[in-house]
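2 protein chains.
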Amino acid sequence: MKAGIFKTRMDEEGLKSTRQREEIVKTFLKAPGHQSLEQIYSQVIKTNPKIGRITVYRTLKLLTRLGLAIQRKFADGETRYELASEGAHHDHLICLDCGKIIEFEDPTIESLQARIAQQHQFQIFQHRMELYGRCETCLRKKNSRRKKS
Amino acid sequence: MKAGIFKTRMDEEGLKSTRQREEIVKTFLKAPGHQSLEQIYSQVIKTNPKIGRITVYRTLKLLTRLGLAIQRKFADGETRYELASEGAHHDHLICLDCGKIIEFEDPTIESLQARIAQQHQFQIFQHRMELYGRCETCLRKKNSRRKKS
DNA sequence: TGTTAAAATGAAATTGAATTTCAATTTCAA
DNA sequence: TTGAAATTGAAATTCAATTTCATTTTAACA
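Going line by line, the protein sequences match chains A and B. The numbering of the first sequence is the numbering used here, which starts it at 11 and goes up by one. The numbering of the second sequence is the numbering used here, which starts it at 11 and goes up by one.
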């Protein structure tokens, strides 16, 4: 997503573009991934310490409403936001040691969904799949530590 | 799970069995499924209005620690508890209209997990898969309503 | 059976994330 | 430039969940 789309969508909704919103959006775009509200906020105040946490909350919520951001809640409870454009529909691998979040897409999930839906006569709108474990880096670290001790 | 196991596990941990705990556990066992803290609490006070919400919270947390209950957080944000014994590893279908939660197990999820893990060199400990949509009953209701209007 | 240390209870206070309120400020269309 | 409408941000509020702490209960032991 380019910053321009944000302004266009704002216009469409009759909303106003402010300095604060522009800075928050710019910060959000600069560091993609799955950022928590606190992470975004702490980045924003580096540029402009006058912007309040409240405005960051509101702006991210606004981006979500406009369809430009997606809100995610993983098992750790923290609310995170990611760019809506980052791949149509992906799921997540989460490292329980370092917190790294990796996106993945797997075509077989779709057919799996379809089968489950049919079995239970459900109409599926969306899904959530998260795999929790240990990433390659943390796995190596742990193994080398074990050898030493 | 039988109520007896609870006492045995309590003994093992050096914990004390109290009237309140017994009533909370009995209530929890009586209505299996995926109950929210509030649902359990409102059932408990029907039997004994003197039991506080705090004790219900603590007891469910205790059951989780003992491995007898499992805590779940779905997209609606409410914390729910289910019996640990209800099938080793299952996932959930959630109706967005009526809130009904259906459990399912699918063997292909395991192989899917294994493939993703290998691709990303992850070691998977656990997963979470939730399908959100509309259940058969609500689907029928919606269709019949549409025909009438 | 009585005593007592350890554990549990429950009311109130606290926490922490997120939201609402409201007066002051800013934006933008006319 | 002006003014209505929207936005901002501090403070207050909400809401679930947790912690604190004085009181009560439990169960092990004398």
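Glycine is no exception: its CB is placed at the ideal position from the N, C-alpha and C atoms.
Given residue i as reference, the closest of the options once Cα atoms are compared
| i | options | result |
| --- | --- | --- |
| D107 (chain B) | B:L149, B:R19, B:L70 | B:L149 |
| Q30 (chain A) | A:L47, A:G43, A:I126, A:I64 | A:I64 |
| P59 (chain A) | A:F114, A:F132, A:I34 | A:I34 |
| L141 (chain B) | B:K36, B:F132, B:I104 | B:I104 |
| L39 (chain A) | A:K26, A:E23, A:Q128, A:T69 | A:T69 |
| H102 (chain B) | A:R138, A:R155, A:E22 | A:R138 |
| A79 (chain B) | B:P42, B:D86, B:I111, B:E115 | B:P42 |
| G62 (chain A) | A:E113, A:T37, A:Y51 | A:Y51 |
| G109 (chain A) | A:R155, A:P117, A:T37, A:A85 | A:A85 |
| E22 (chain A) | A:K151, A:C145, A:R75 | A:R75 |
Limits of the alpha helix (DSSP H) - the one that residue i falls within
| i | result |
| --- | --- |
| F16 (chain B) | 13-22 |
| K71 (chain A) | 63-75 |
| K56 (chain A) | 47-57 |
| T37 (chain B) | 29-40 |
Three-way DSSP call (helix, strand, coil) for residue i in this model
| i | result |
| --- | --- |
| C105 (chain B) | strand |
| H100 (chain A) | coil |
| A127 (chain A) | helix |
| S159 (chain B) | Residue placement at S159 (chain B) is poorly supported in this model, since its pLDDT is 47, which falls under 50; the coordinates are not used for a value here. |
| K83 (chain B) | strand |
| F132 (chain B) | coil |
| E88 (chain A) | coil |
| L122 (chain B) | helix |
| L149 (chain A) | helix |
Chain-order list of residues whose beta-carbon lies under 8 Å from that of residue i (same chain, five-residue window excluded)
| i | result |
| --- | --- |
| E88 (chain A) | S46, L47, E48 |
| Q123 (chain B) | I134, H137 |
| S159 (chain B) | For S159 (chain B), the pLDDT reaches just 47, beneath the cut-off of 50, and the residue's location in the model is therefore unreliable, although a value from the coordinates is still provided. Answer for S159 (chain B): no residue qualifies. |
| H99 (chain B) | E115 |
| I15 (chain B) | L78 |
| Q131 (chain B) | none |
| G203 (chain B) | The requested residue 203 (chain B) does not occur in the structure, where chain B is confined to residues 11 to 159. |
Own chain partners of residue i with C-beta closer than 6 Å, once the 5 adjacent residues on each side are dropped
| i | result |
| --- | --- |
| I126 (chain B) | none |
| K17 (chain A) | S27 |
| M20 (chain A) | S27 |
| L73 (chain A) | A79 |
Own chain partners of residue i with C-beta closer than 7 Å, once the 5 adjacent residues on each side are dropped
| i | result |
| --- | --- |
| G77 (chain B) | A94 |
| H44 (chain A) | R82, R90, E92, I111 |
| K36 (chain B) | A13 |
| V54 (chain B) | E33, I34, T37, I61, V66 |
Residue i - containing beta strand (DSSP E), residue span
| i | result |
| --- | --- |
| E113 (chain B) | 111-114 |
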